[in-house]
Structure formats: structure tokens, C-alpha cells
Amino acid sequence: MADEADMAQLLKTLKQVKRLIPPLSPSFHKGQAGRTLVIGGSENYTGAPYYACMSSMLLGADMGHILCDNEAGSVIKSYSPDLIVFPILRQSNDQSSEQSDVDAMMDKVTPLFDRMSSVSLGPGLGRDALMQKTAAAIVQTLKERKMPLVIDADGLWLIKNEPNLVQGYLECVLTPNVVEFGRLAEAAGLKEAMKKESKEKQCLLLSKTLGVTIVQKGPKDYISNGKETLVVDMPGGLKRCGGQGDVLSGTMGTFLSWQAAYRAGLWEEDTEDHMDAERCMLLAAFGACATTRFCSRHAFDTKGRGMMATDLVASVGDAYKALFDSPEEQVQRILGDRDAKI
């Protein structure tokens, strides 16, 4: 059973996360509950952006879009008619004059951002030089627009090489695993300082240094904005299949869209205790981590060793219902027993 104090804190935080979620209102129009964009997908990696984009919509975003390599577009489109796919990006070749290619792609890409509420960068992006250069230009543009952004996977490879791209980007979340976290810490000049610190302090230190929200994934997820750190200790599944980070990227994109809508006053709250931007970013990350962990546990309970990323994606709706659309007593019962099947 979970410690009573920890459970009380978890329920309190989930209740705050719930305040970020737009109500289902007949007065809203298409897109106001989220127009998410996943940037990634290349010739060898077509599943990752699909997992991320579908997860964003199954959580509750109105529309999901994918910006991918032109070699991957037809394949990704075939996965689902719900996806809106823009196969604009491309990889290097012998004829590439890279900067002119980046400029040409950005001329097509930049207008898309006017229609989006958040961006998830990295799932299936790959490390091709031209793709990475284009991703760098995209991050610069999004930072100037203060667009909510989550960066994962090969997007983190880019940030490891060019950490200044996100310096002071308050609307940005990085979601490194243990290896990626180490690379980012080294790039930020924190390798030695990290050795004597706890996981919680490490996360806070990296966040403070880069000026972004950090989600350090692991047995526990640590989330910090450089001032405050939250810990997500909900149990997940025991099968470490690929694609779980993509589900997190997608759900994070939706929560980032929702927190932006909350801050913009899209709907009226019953309370005057309005949460500030820093708190909203932390809560959005917490909500995505909690959702993904629940998906992992739910899918593992059903599939066991046969669990795959598609099973996590299929569990997103159940996760939302259990965590954010159920009475508190039921949430406590579900989360209170780590060994119970859900």
C-alpha cells in the first residue's frame, strides 16, 4: 500500500492537474481542446510519431498532426485516417546544400505553427545531419513564438549538441532517460556537480541551469522547473518495450496545450486561485507522466510479456478516465494497491 502522506499528496496534485483540463462545452469549436503537432518520423522510424500523435488525441486533443520526412509520409498516413500528415522534411543526400535546404523547408514548415497549440519534437526524428539542422531551426522559431514544446528521443541528441537552443525557454520540457540525462548534464557543464547529488537535486540543478522544465524518467519520474521538484512514483508495467517515451511525448503535448488554454482563460473557474505559468508547466508534465505510467501498468496487466507500444496507446483513454474522470475514492483505491490489477 502507498504511504498515506504520499497518497494524499498524489491525489492533491492530480486534482490540480485536473484544473488544466478543458471542460466539454458546446460553446467550444474544433481545435480549442488542442491542435498538437509531432515532429519526427523518418525512413527507418515510422512508428514513433504515430504513437505520440495518437496518444495526444486519445487523451483528448481535438486534432493531431505529424511533420515528417518525405520518405516516411505514405507509411505513416497508412496507420490511421485520424492522422494529418505533412511529409515536408527530408534527409541529407549527396546533392544537398544543407543551409539552403533548411531554409526551403522552413518556408513550408513555419506557417504550420500558426495552427498549432503545442509541439512534440523528436519521436522517430533520427540523427541525419539535415534533419538535425532543420530541427535546430524549428526549435529557434518555436522559442521565439513561446510555443509549448516537449523534446524527446533524437531531439535530445540535438540539445546535447546545442544546449543554447533551449536556454531560458520557459515553455519547453525535456524528457530524458538516464543516459540522455547524463549527456545533457555533461553538455551543461554539470557532470562533476551531479556526482554528489540526489536524483531529485540533479533534476532541479539541470532545470535551473538550462532554464527549462526537466522530466527525468526512471523508476520514479522527477519533474523540476529549477525551483520546485515533483516526483511521480506511480507503478508502471514491468515490460520495457519501445515506444513508451513516445506515448509520454504525445500525452505531454496535449497537457501542454491544455495548460496554455487554461492560462489564456478559455473557460471560467469556480475559484479565484489562478495557477501561474510555472505551476502549470509542472502540472502538465506531472499529468503526462502519471497518464503514461498508468497506461504501462494497465497494458502490462492485460498483456504481460507480450505488451507492446500499441497496447499503451490503446490504454490512454482508460488512463484518462481512471485518473481524471473518476471519484477520488476510486482513484485512491486504484493507485493505493501497487499489486492490484487495473
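So the sequence shown is numbered by full-length UniProt numbering: it starts at 1 and just counts up by one.
All C-beta atoms, glycine included, are put in the ideal place defined by N, C-alpha and C.
Taking 7 Å as the cut-off, is the C-beta of residue i nearer than that to any heavy atom in the ligand NAP?
i	result
Glu171	With respect to the ligand NAP, the structure shown offers nothing to examine, as it has no ligands at all.
Quick check on residue i: does DSSP put it in helix, strand or coil?
i	result
Tyr169	coil
Ser42	strand
Gln216	strand
Ser326	coil
Thr229	strand
Arg35	strand
Leu158	helix
Ser118	strand
Lys341	coil
Met1	Caution is warranted here: a pLDDT of 42 is assigned to Met1, below 50, making its placement in the model unreliable, and no coordinate value can be reported.
Val331	helix
Leu125	coil
Leu190	coil
Leu312	helix
Leu238	coil
Leu205	helix
Leu248	helix
Leu174	strand
Please classify residue i: is it buried, with 16 or more other beta-carbons within 10 angstroms of its beta-carbon, or exposed?
i	result
Glu192	exposed
residue 351	Residue coverage of the chain in this structure runs from 1 to 342, which leaves residue 351 outside it and unanswerable.
Gly306	exposed
Leu24	exposed
Asp114	exposed
Arg333	exposed
Ser100	exposed
Lys30	exposed
Ala8	exposed
Ser118	buried
Please check the pair residue i and residue j, which I expect to be a contact at CB under 8 Å, by giving their CB distance rounded to whole angstroms.
i	j	result
Val331	Leu323	6 Å
Thr271	Leu59	Not quite, the Cβ-Cβ distance comes to about 24 Å (not below 8 Å), so this is no contact.
Lys341	Asp301	4 Å
Ala5	Gly34	Between Gly34 and Ala5 the Cβ distance is about 34 Å, and since that is not below 8 Å, they are no contact.
Arg297	Pro235	6 Å
Ala136	Glu162	6 Å
Are the CB atoms of residue j and residue i within a distance shorter than 8 Å?
i	j	result
Tyr51	Asp246	yes
Met54	Gly47	no
Val75	Phe286	no
Pro148	Ala260	yes
Phe86	Leu112	yes
Leu156	Leu174	yes
Leu121	Ile39	yes
Asp128	Gln91	yes
Ser56	Gly317	no
Ser207	Gly226	yes
What are the boundary residues of the beta strand (DSSP E) that includes residue i?
i	result
His65	63–69
Leu89	84–89
Ser224	221–224
Locate the alpha helix (DSSP H) running through residue i, then write down its first and last residues.
i	result
Ile76	73–79
Ser296	277–303
Ile138	129–145
Leu11	4–18
Leu149	From DSSP, Leu149 is part of no alpha helix (DSSP H) but of the beta strand (DSSP E) over 149–151.
Asp107	98–109
Glu186	178–187
Lys30	Premise fails: Lys30 is in no alpha helix (DSSP H) and is neither H nor E.
Gly47	47–59
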